[in-house]
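*Asks:* Before anything else, here's the structure in question.
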């Protein structure tokens, strides 16, 4: 699905996903041997889920990743 301009809800979904992605990367980028578990705060997951639902993208990965690519093509 190609769109010229993202809606506010689509943009919010992409931004929430990117925050989730950065949270997960930060957890994995800990020092070697760091015993802390890899956890994502439930609020971060809930934000991403709600943003996807609000944008009508829940369960529509192809459309969502098309938006993500147009927002952040290098990622």
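Residue numbers (my numbering): 1388 to 1462.
A virtual CB, placed ideally from N, CA and C, is assigned to each residue, including glycine.
No experiment lies behind these values; they were computed from the predicted model shown.
(1) With a threshold of 8 Å, are at least 3 pairs of Cβ atoms found where one atom belongs to the stretch 1439-1452 and the other to the stretch 1394-1411?
(2) Using the Cα positions of residue 1452 and residue 1427, report the straight-line distance between them to the nearest angstrom.
(3) Go to residue 1439, then tell me how far its alpha helix (DSSP H) extends in each direction, as first and last residue.
(4) Do you know offhand how far residue 1448's Cα is from residue 1436's?
(5) Please state if the CB of residue 1392 and the CB of residue 1410 are separated by a distance shorter than 8 Å.
*Replies:* Working from what's here:
(1) Contact between the stretch 1439-1452 and the stretch 1394-1411 is present, because at least three Cβ pairs lie under 8 Å.
(2) Here residue 1452 refers to the residue found at position 65 when the chain shown is read from its first residue. Here residue 1427 refers to the residue found at position 40 when the chain shown is read from its first residue. When rounded, the distance between both Cα atoms is 21 Å.
(3) Numbered from 1 along the chain shown, position 52 holds the residue referred to as residue 1439. Run containing residue 1439: 1429-1441, per the alpha helix (DSSP H) assignment.
(4) Position 61 of the chain shown, counting from 1, holds the residue named residue 1448. Position 49 of the chain shown, counting from 1, holds the residue named residue 1436. Residue 1448 and residue 1436: Cα-Cα distance of roughly 12 Å.
(5) Residue numbering aside, residue 1410 sits at position 23 when the chain shown is read from its first letter. Residue numbering aside, residue 1392 sits at position 5 when the chain shown is read from its first letter. No, they are not a contact pair.
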